[in-house]
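> Chains as they are written, first to last, in our numbering: chain A, 5 to 354; chain B, 5 to 354.
(1) Residue 208 of chain A CB to nearest chain B CB: under 8 Å?
(2) To the nearest angstrom, how far is it from the Cα of residue 181 of chain A to the Cα of residue 62 of chain B?
(3) Nearest to residue 147 of chain A by alpha carbon, out of A/43, A/159, A/129 and A/345?
(4) Please list, in chain order, the chain A residues whose beta carbon lies closer than 7 Å to that of residue 183 of chain B.
(5) Relative to the ligand PLP, is the shortest distance from any of its heavy atoms to the C-beta of residue 49 of chain A smaller than 7 Å?
(6) Leaving aside the five residues before and after residue 73 of chain B along the sequence, list all residues of the same chain whose C-beta is less than 8 Å from its C-beta, in chain order.
(7) By the criterion of Cβ-Cβ separation under 7 Å, what are the contact partners of residue 220 of chain B in chain A?
(8) Let me confirm a value: residue 27 of chain B is counted as buried when at least 16 other C-beta atoms fall within 10 Å, else exposed. Which label applies?
(9) What do you get for residue 226 of chain A, buried or exposed, if any count of 16 or more other CB atoms within 10 angstroms of its CB means buried?
(10) Using a Cβ cut-off of 8 Å (strictly closer), state whether residue 163 of chain A contacts chain B.
(11) I'd like the list of long-range same chain contacts for residue 144 of chain A, defined as Cβ closer than 6 Å, with 5 residues on each side in sequence excluded.
(12) Could you tell me whether the Cβ atoms of residue 209 of chain A and residue 163 of chain A are closer together than 8 Å?
(13) Give me the Cα-Cα distance between residue 348 of chain B and residue 50 of chain B, rounded to the nearest whole angstrom.
(14) Taking the alpha-carbon of residue 279 of chain B as reference, which of B/351, B/235, B/288 and B/344 has the nearest alpha-carbon?
(15) Which ranges would you report for the beta strand (DSSP E) in the region 110-167 of chain B if only whole runs of at least 3 residues count?
(16) Apply the 10 Å Cβ neighbour rule to residue 179 of chain B and answer buried if 16 or more other Cβ atoms are within range, or exposed otherwise.
(17) Check whether the region 163-177 of chain B and the region 215-224 of chain B touch, using three or more Cβ-Cβ pairs below 8 Å as the test.
(18) Using the rule of at least 16 other Cβ atoms within 10 Å of the residue's Cβ for burial, across every protein chain shown, is residue 113 of chain A buried or exposed?
(19) Hey, residue 133 of chain B and residue 11 of chain B: beta-carbon distance below 8 Å or not?
(20) Taking the continuous alpha helix (DSSP H) assigned at residue 78 of chain A, which residues delimit it?
(21) By the 7 Å beta-carbon criterion, what residues does the region 279-294 of chain A contribute toward chain C?
(22) As a quick exercise: from A/92, A/94, A/115 and A/136, pick the residue whose alpha carbon is nearest that of residue 106 of chain A.
(23) Alpha helix (DSSP H) containing residue 330 of chain A: first to last residue?
(24) Pair every Cβ in the region 257-272 of chain B with every Cβ in the region 334-346 of chain B, then say whether three or more of these pairs are closer than 8 Å.
(25) Taking residue 7 of chain A as the reference, give the member of A/230, A/84, A/237 and A/285 with the closest Cα.
(26) For the alpha helix (DSSP H) that residue 27 of chain A lies in, which residues bound it at each end?
(27) Determine the contact status of residue 160 of chain B and residue 212 of chain A, defining contact as a CB-CB distance below 8 Å.
(28) Determine the direct distance from the alpha carbon of residue 149 of chain B to that of residue 256 of chain A, and round the result to whole angstroms.
(29) Going by beta carbon distance, what residues of the same chain come within less than 6 Å of residue 58 of chain B, once the five residues before and after it are set aside?
(30) Thinking residue 241 of chain A and residue 187 of chain A are a contact (beta carbons under 8 Å), I'd like their distance in whole angstroms, please.
(31) Report the neighbours of residue 258 of chain A on chain B: residues whose CB is nearer than 8 Å to its CB, in chain order.
(32) In the DSSP assignment, the alpha helix (DSSP H) including residue 231 of chain B goes from what residue to what residue?
(33) Can you give me, in chain order, the residues of the region 166-182 of chain B that have a beta carbon less than 8 Å from any beta carbon in chain A?
(34) In whole angstroms, what is the alpha-carbon distance linking residue 338 of chain A and residue 30 of chain A?
(35) By the criterion of Cβ-Cβ separation under 8 Å, what are the contact partners of residue 212 of chain B in chain A?
(36) Do you know how far the Cα of residue 313 of chain B is from the Cα of residue 189 of chain A?
The structure is reproduced here in structure tokens:
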């Protein structure tokens, strides 16, 4: 059994902990948290060994009547691999500690790509993480784009991807964030960081991204254009994407118009926390238009313009990727084996 | 003086009425409204002759203690041109009435292009409206796109425009509309109607548009990509757009991050109702990336990818266009004269 430690038990950490606990080949040796709150109470209730992420704050747990198994270093030392799910920037501070204990570490997308040996997406570059000591599981948006672009690149060749990311202003629990009644170009300078981040997975992919922030909390939504070398039909693209286990094609017959109904559907299906690990691609939106050949070029050079909308659940789509990254760094399974095991254990596939 | 009647005194009608009243060569002979409400009270307070748009509802005005000058037909008969600002679809019902009175009519973008002889944008196709009996002033979004694409097409040539329209769910007064906490692909099928609508102004322009609806009320925001034949610098594009009177380039130094601050800026400037008649283009967002030549083509064939964000005030950007359309149908002035007169009378130019 692979002994897994989770350092940081917030939005991502608690989900990865639950996912790890479900894996047939993994053992959750414990989770570390900085302070007591409802999430710490829940970790205890679930029987997860709870460790203090910051030694000085350990008394707070005693005051809250929560028994801690020890400090985070004890946890890291006991693990074969540690998943760092701390807030952006804290992972970088933890790096040396993981090295001291010679424990391979996975970080989240909020950390800089320079911090690690390899940035990771299971569909994009699983094998590159094997044997790495420091691996970064890319952000929710980059994960969603990587899952979509990988099969398109393999099947048709991508001339250029142009994506507008209409981002939720904050998660439902992030009550201090906005905007409330606005649409913010964010960042206002272009391209946004998302394109370069996709290039940490696919270095040669030509992609420009634009980001905005809006008053929504449930999911991000991507307005996607992919200029393809080949000119498939929309039907062929649908079939290609439908074969990907982590792409959910929302059927028109489901009458799902946005993230609200997607989340309600996930909850009706009994998904934990209403999580949606898959990209949600509106089947009706998959459209192929004639490409455009530059002035003086023949239509044969035009390729095709693919368009679609996809919604990304920012709180959970990286969870299966973290699980796969655990096996990847330890060389415990190849990509197909790991993805199949993760998907079955979680119940991926809507 | 050009005698102008306004049929429909809601969001657009009341603004066009005020704009017409400010023009040196126009006389507002009256406005027609279906029922008494705060807008009717304001029309009376401003001294605009008020007519009953629906004869059967005329008693409602008496009950509200509002004197009406007569029925709408009397108003239409007294005018050289009528601006129909009724809700979408009602304009089509009014068409025959305008013909009976032999009064040229302007309709709003909510009406079908098939209803009229020509769809109109002052920057795009002013002269085509001369002598037409039925002219449609295109919608706020189409107006905003036409103003932007016209100079780009003239200066650099447009291979293809790809625009994601992040639309406000409803106006501030439309309290029954949503969404509240969601991002809706709308329409979910592609392309949205906006691209074809732009083609009513520029029949040969290659454009694909995607639309979404979000919980915002103040302005629409466009995420714009224009694949150009030529490869100008961002600086050159900025200078080109800065020369257009109805394009406002938002300087970085203004520290305006979205529609909220844009509206506040407009109100600080004393704009009526805080209206913003101009496209608001974030100067910082104007970016030119290398174009992509299809496989096997040289870079010379690539052109360039222009990106920018622009915000469109849905309640007011068509107002100056309606004023210009009045002169256009009557042949009262050429495009440059009319735009200059309209801009000076309204105080366009931020």
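Every residue, glycine too, gets a C-beta built ideally from N, C-alpha and C.
Once the coordinates are examined:
(1) no
(2) 49 Å
(3) A/129
(4) 262
(5) Questions concerning the ligand PLP fall outside what the structure shown contains, since it holds no ligand whatsoever.
(6) 34, 53, 54, 55 and 79
(7) 185, 186, 187, 218 and 219
(8) buried
(9) Counting the other Cβ atoms within 10 Å of the Cβ of residue 226 of chain A gives 16 or more, which makes it buried.
(10) Under the 8 Å criterion on CB atoms, residue 163 of chain A is classed as interfacial with respect to chain B.
(11) 316, 318, 321 and 322.
(12) no
(13) 22 Å
(14) B/351
(15) Runs found: 122-124 and 138-141.
(16) exposed
(17) Taking a cut-off of 8 Å for Cβ pairs, the region 163-177 of chain B and the region 215-224 of chain B touch, as three or more such pairs fall below it.
(18) buried
(19) no
(20) For residue 78 of chain A, the enclosing alpha helix (DSSP H) begins and ends at 76-82.
(21) Of the protein chains in this structure, namely A and B, none is chain C.
(22) A/136
(23) 323-334
(24) no
(25) A/84
(26) No alpha helix (DSSP H) contains residue 27 of chain A, which DSSP labels as neither H nor E.
(27) no
(28) 30 Å
(29) These residues qualify, in order along the chain: 38.
(30) No, residue 241 of chain A and residue 187 of chain A are not in contact; Cβ-Cβ is about 29 Å, not under 8 Å.
(31) Neighbours of residue 258 of chain A on chain B: none; closest Cβ ~11 Å, over 8 Å.
(32) Taken as a continuous stretch (DSSP letters only), residue 231 of chain B belongs to no alpha helix (DSSP H), being part of the beta strand (DSSP E) at 224-232.
(33) 166, 168, 170 and 172
(34) 16 Å
(35) 229, 293, 309 and 311
(36) 7 Å
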